[in-house]
Amino acid sequence: MTHSAPVALNLLDPQSLLASAGALGILLVMFAETGLLIGFFLPGDSLLFTAGLLCASTNHSAVRLSLPAVLAAAAAGALAGAETGYFIGRGAGQALLIRPGRPRLGDGVHRARTAIERYGPRRAVVLARFIPVVRTVMNPLAGAIGMPLALFTIWQVAGGLLWSAGLTLAGYALGSRVSGIDNYLLPIIAVIVVVSLIPLALEALRRRPGRRAGNGREDCAAPEHQGSS
């Protein structure tokens, strides 16, 4: 009788994590990434998409997942994590989010605040689900700034279900339509990671010092034009 070798758990590798922990691993990662500030590095987007894809795969022997179990675990982790993050922020206050030694978290806090100011709390809480790091800090930030619990809960549930089910079902749809797609998991995951980082790259370009200086020169030139008319 042959025994398959145990798969080493790698939190940053969706395939390894799913092979080692299955749906329970999805629940724990979703909870940590959306509820605990230490989970900002976890692969939420790629994990959900990969799990959905593997639910539809018939050729992958190492990982066998049930779509209902994956959807339930993803939703439970995402919703419970967000609610936990909110209460952590509410109890600890904004001091919890000041991390001089963690520039990536600090940038996430800045972007979460900007989203709230630009889109309002409802849309910001929903949109944050789709942006890495921002979805980690948005929930404690909402608690720290005193966003009403009922308002936060309604919209974090809406965003959490849309994000977790949407990415999982997108992966499942691809796996159902393309035979043997699980043989190309690494490039697919790489594409998902790149796409998920696009909002961060666009924000970084928008905040470039050269662009700010250009905007400042335009602002200074405007009054002269008005005065000469």
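Under my numbering, think of the first position of the sequence shown as 696, with each following residue one higher. All residues carry an ideal CB built from backbone N, CA and C; glycine is no exception.
Buried/exposed call for ALA908, threshold 16 Cβ in 10 Å: Residue 908 sits at position 213 when you count from the first residue of the sequence shown. Confidence at ALA908 is low in this model, with a pLDDT of 48, below 50, so the placement of that residue should be treated as unreliable; the coordinate-derived value is given next. It is exposed - the Cβ of ALA908 has fewer than 16 other Cβ atoms within 10 Å.
Going by DSSP in three states, MET833 sits in which element: helix, strand or coil? Working through the sequence shown from its first residue, we reach residue 833 at position 138. MET833 falls in the helix class under three-state DSSP.
Distance check for LEU713 and LEU722, CA to CA, integer angstroms please. In the sequence shown, the residue the question calls residue 722 occupies position 27. In the sequence shown, the residue the question calls residue 713 occupies position 18. Answer to the nearest angstrom: the Cα atoms are 11 Å apart.
Judging by CA-CA distance, which residue of GLY720, GLY730, PRO709, PRO738 is the nearest neighbour of PRO827? In the sequence shown, the residue the question calls residue 827 occupies position 132. Checked all of GLY720, GLY730, PRO709, PRO738; the closest Cα to PRO827 is PRO738.
Quick check: the Cα distance between ILE733 and ALA727, rounded to an integer number of angstroms? For the purposes of this step, residue 733 is taken as residue 38 along the sequence shown, with counting starting at 1. For the purposes of this step, residue 727 is taken as residue 32 along the sequence shown, with counting starting at 1. Using only the alpha carbons, I get a separation of about 7 Å.
CA-CA distance, ARG817 and LEU774? If you number the sequence shown from 1, residue 817 lands on position 122. If you number the sequence shown from 1, residue 774 lands on position 79. Distance between the alpha carbons of ARG817 and LEU774: 15 Å.
Burial state of SER761 (16 or more Cβ within 10 Å): Taking the sequence shown and counting its residues from 1, one reaches residue 761 at position 66. With fewer than 16 other Cβ atoms within 10 Å, it is exposed.
Considering only C-alpha positions, which residue in the set ARG759, TYR781, GLY730 is nearest to LEU749? By one-based count along the sequence shown, residue 749 stands at place 54. For the residues ARG759, TYR781, GLY730, the minimum Cα distance to LEU749 belongs to ARG759.
According to DSSP, is VAL758 part of a helix, a strand, or is it coil? Position 63 of the sequence shown, counting from 1, holds the residue named residue 758. VAL758 falls in the coil class under three-state DSSP.
Through-space distance from ALA751 to ALA767, alpha-carbon basis: Numbered from 1 along the sequence shown, position 72 holds the residue referred to as residue 767. Numbered from 1 along the sequence shown, position 56 holds the residue referred to as residue 751. Spanning the two alpha carbons is a distance of roughly 16 Å.
Would you check if the region 835-851 and the region 777-786 touch, i.e. whether three or more CB-CB distances between them fall below 8 Å? yes
Where PHE847 and ALA819 are concerned, what is the direct C-alpha to C-alpha distance, given to the nearest angstrom? Residue 847 sits at position 152 when you count from the first residue of the sequence shown. Residue 819 sits at position 124 when you count from the first residue of the sequence shown. Looking at the two C-alpha atoms, the distance is approximately 10 Å.
Taking just the CA atoms, how far does SER859 sit from PRO709? Here residue 709 refers to the residue found at position 14 of the sequence shown. Here residue 859 refers to the residue found at position 164 of the sequence shown. Between PRO709 and SER859, the C-alpha separation is close to 15 Å.
Starting from PRO843 and walking both ways along the alpha helix (DSSP H), at which residues does that stretch end? By one-based count along the sequence shown, residue 843 stands at place 148. First-last for PRO843: undefined, no H or E at that position.
Can you tell me where the alpha helix (DSSP H) with VAL821 in it begins and where it stops? Looking up residue 821 in the sequence shown gives position 126. Element bounds for VAL821: 798-823.
What would DSSP say about ALA916, mapped onto helix, strand or coil? As a working note, residue 916 is residue 221 in the sequence shown. Note on ALA916: pLDDT 44, under 50, position unreliable in the model; no value is reported.
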